Amino acid sequence: MPRSIISKLLGATLPGCTTYCEGNAVPELPEVETTRRGIEILLQNHTVDTVNIYDKRLRRPVTENLPSILPGAKLSKVTRRAKYLLLDFLYGTLVIHLGMSGSLRVVSSKSPRQKHDHVEIHFSGDLCMRFRDPRRFGLLLWLESNPMEHTLLRDLGPEPFDPVCDGGYLFDRSRGRTLAIKNFIMDAHIIAGVGNIYANESLFRARVHPGRAAGRIGLRRYQRLSNVIRSVLTGAIEVGGTTLRDFVSETGAPGYFGHELQVYGRAGEPCIHCGQALRSKMIGQRSSFFCSGCQR
DNA sequence: AATCGCGCCTGACGGC
DNA sequence: TGCCGTCAGGCGCGAT
């Protein structure tokens with residue numbers, strides 16, 4: 000890996016923060032955004048040399064003719080919609096989802112492929128983007144028409160940072176809904192990109208009980224919740240910047256700051272506000288963590 | 001229309 | 001030591 004590449008990444012990190020990498024972290028929106036930035040910094044305007052597909056069996060089969068489509072194409076732009084990454088080339092878009100266990104890293108073309116590296120795209124400048132996904136819940140799809148009109152992306156709700164996605168919006172969408180608020184905010188058709196971990200964290204900070212019916216929460220609490228969701232995600236994205244250097248390591252990938260999680264995975268530990276033991280419960284087949292004293 | 005529950009998949013972990 | 005069951009969970013889909 001050339002020194003100039005390393006310095007590009009180091010230049011993207013925040014001063015005064017240390018690197019942290021959790022190997023098996025589930026990619027949530029902040030990890031996807033961090034990955035987007037890493038790819039953009041390293042690969043924008045680079046041209047594809049070759050593509051190798053070693054295992055096409057993902058959530059959907061990997062577009063089979065990528066190796067004949069992509070070579071010669073220049074990566075013009077890397078964007079994100081919900082947890083989907085969109086790599087724009089002149090004649091189409093490569094849509095990538097990391098699923099439960101996926102990661103992308105950019106390494107030297109000469110570095111050996113590792114277990115579960117299912118797809119690799121070699122770019123000009125000795126750079127290789129590898130898609131690794133042990134559980135194969137991810138997705139790599141080549142689209143030649145507008146990706147936003149594809150069924151996977153078409154019906155997604157607004158991004159949390161979109162000004163329209165405020166407390167009033169969530170309040171309006173939730174009227175008459177009886178499902179738990181946690182399931183409501185994890186529905187990507189309502190608000191895009193809130194996964195289990197940050198749903199738990201956001202509800203704790205907003206002091207809303209995860210099991211409460213979405214339709215029985217008032218406007219003011221939704222305003223607080225939407226602000227909290229934005230600040231939690233923003234904070235995690237900023238931290239992600241400090242892990243960008245892991246993007247070029249063989250073993251690492253951008254990860255969380257695990258110690259910033261206040262409730263997730265902390266059943267039995269004391270609530271940081273009231274000291275009461277945090278509880279866990281399955282809500283909508285997903286583990287939920289909360290403080291029954293602070294959250295109503 | 002809304003809600004619920006399943007299945008995809010592998011690795012980690014705990015119990016025996 | 002090894003085997004087996006359970007859990008983790010994003011997402012789409014089918015059933016109710």
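Everything in the first sequence is counted per numbering that gives the first Met the number 0, starting at 0 for the first residue and increasing by one. For every residue, glycine included, the Cβ atom is placed at its ideal position computed from N, Cα and C. Keep in mind it's a predicted model, so treat the numbers as computed, not measured.
What does a CB cutoff of less than 8 Å around residue i pick up in its chain, not counting 5 residues either side in sequence?
i    : result
D125 : P1, S107, S108 and K109
V25  : M99, S100, G194, N195 and I196
Is residue i helix, strand or coil by DSSP?
i    : result
G166 : helix
D87  : strand
P302 : A query on residue 302 cannot be resolved here, the shown segment of the chain reaching from 0 to 295 and no further.
M281 : strand
M185 : coil
A266 : coil
T78  : strand
D54  : coil
S225 : helix
E32  : helix
G234 : helix
F136 : coil
M99  : coil
F203 : helix
E39  : helix
L93  : strand
I120 : strand
S360 : Because the chain in this structure spans residues 0 to 295, residue 360 falls outside the shown range and cannot be described.
D154 : coil
D125 : coil
R104 : strand
S287 : strand
A179 : strand
S260 : Reading off the sequence, residue 260 comes out as Leu, not Ser. In this structure, L260 counts as coil in the three-state DSSP scheme.
If you draw a straight line from the alpha carbon of residue i to that of residue j, how long is it in whole angstroms?
i    : j    : result
N145 : G167 : 30 Å
S123 : T49  : 9 Å
D87  : M128 : 15 Å
D171 : I95  : 32 Å
H45  : Y221 : 43 Å
M147 : L138 : 16 Å
R278 : R285 : 14 Å
A212 : E119 : 44 Å
R130 : G274 : Here residue 130 is Phe; the residue named in the question, Arg, does not match the sequence. About 42 Å.
I236 : Q43  : 20 Å
Y90  : G37  : 23 Å
R206 : K55  : 43 Å
V193 : Y53  : 31 Å
G283 : K73  : 43 Å
V61  : L151 : 15 Å
I228 : L93  : 28 Å
M281 : F203 : 16 Å
P269 : Q294 : 14 Å
R219 : G234 : 23 Å
P111 : H117 : 13 Å
E69  : H149 : Note that residue 69 is Leu in the sequence shown, not Glu. Rounded to the nearest angstrom, the two C-alpha atoms are 20 Å apart.
R223 : P159 : 13 Å
M185 : P29  : 15 Å
N199 : Q113 : 33 Å
N23  : D161 : Residue confidence for N23 is low, a pLDDT of 49 falling below 50, so the modelled location carries little weight; the figure read from the coordinates is stated next. Those two C-alpha atoms are separated by around 29 Å.
Enumerate in chain order the residues of its own chain whose CB-to-CB distance from residue i is below 6 Å, with the five nearest sequence positions on each side excluded.
i    : result
P133 : S100 and H115
Y298 : Lying outside 0 to 295, the shown extent of the chain, residue 298 is not represented and no answer is given.
P157 : V163 and C164
N51  : E119
S201 : V227, I228 and V231
N195 : R285
K76  : D87
H121 : D48, T49, S108 and C127
H208 : Q294 and R295
Given residue i, which residues of its chain have a CB within under 7 Å of its CB, disregarding the five upstream and five downstream residues?
i    : result
V31  : R79, K82, L84 and L97
L155 : R80, A81, A187, H188 and A191
G267 : A276 and L277
F183 : S173, R176, I189 and A213
Between residue i and residue j, how many whole angstroms is the CB-CB distance? I'm expecting something under 8 Å.
i    : j    : result
G239 : T33  : 3 Å
L57  : R135 : 5 Å
V105 : G71  : No, V105 and G71 are not in contact; Cβ-Cβ is about 19 Å, not under 8 Å.
S225 : L169 : 6 Å
R59  : L140 : 7 Å
I216 : I180 : 6 Å
Stretch-stretch touch, CB-based, cutoff 8 Å, three pairs: the segment 256-274 with the segment 283-292: The segment 256-274 vs the segment 283-292: in contact.
At least three beta-carbon pairs within less than 8 Å, the segment 175-182 to the segment 53-68: no
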